[in-house]
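Comments concern the structure below.
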Amino acid sequence: MKLKLNKIIVVFVSVVLLTGGPVTRVSGIASAETSIYTFANCPEIMDTFMKWRIIEFGGFLDVHFASKENNSSLVEAAITGYREFKRLAQRELSKFEISSSGLVYTETEFQNYDLCLNLTDKYIQDAKSMLKQKILTSGRVKQSTVLLEKYKAINKRLGEMNMLVAKIVASYETFYNKLPGYLRDCVKK
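Per our numbering, the sequence shown starts with residue 5, numbered consecutively.
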């Protein structure tokens, strides 16, 4: 059920991203003549952008590590996915430009840009934590699954051995029960 929900989320996020992403223009923030990528609205835009990207990255990790392959072969692709996540975040952050006031930054713009940098770093760290957690959890689950399969195979072999021992005991009991009758018939004749 959880895997099905994750696949639905990944498909939904993919559709949103293919249709232009979650943020194309924030209404009420910028007019048609000015860019929406100013330091004044950086925290709001980056928060929305990063929320979508973190959901997309989480879906990617869930689907990627659901594979039956060994974790060592999956980790490299997952790290590449993390690097892509980080690159997209930094590229989006680089779109922000100076306000219309010229080359002089206001204190508010500095604060907003600092907030924006911290917000982006927080999401990048969250993605890194997600990656680490998924690698560890997936490794443990796969290791447990391998052990469970080995225990099942051992249990099956023990069951076969138990049946073989039961047949030997049954043959011995049958022989023991027939032996007195054979001795009685041989002695009389």
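Every residue, glycine too, gets a C-beta built ideally from N, C-alpha and C.
The three-state secondary structure of glutamate 88, taken from DSSP, is helix. Look at glutamate 73 here: in three-state DSSP terms it is coil, with no helix or strand label. In this structure, the CA atom of lysine 146 is about 33 Å from the CA atom of phenylalanine 53. Methionine 50 sits buried, since 16 or more C-beta atoms from the chains shown fall within 10 Å of its C-beta. In the DSSP annotation of this structure, threonine 110 is not part of any alpha helix (DSSP H), being labelled neither H nor E. Separation of the CB atoms of phenylalanine 61 and methionine 134 is rounded to 7 Å, and the pair is thereby assigned contact status at 8 Å. With a cut-off of 8 Å on Cβ pairs, the segment 124-131 is in contact with the segment 86-103, counting three or more such pairs.
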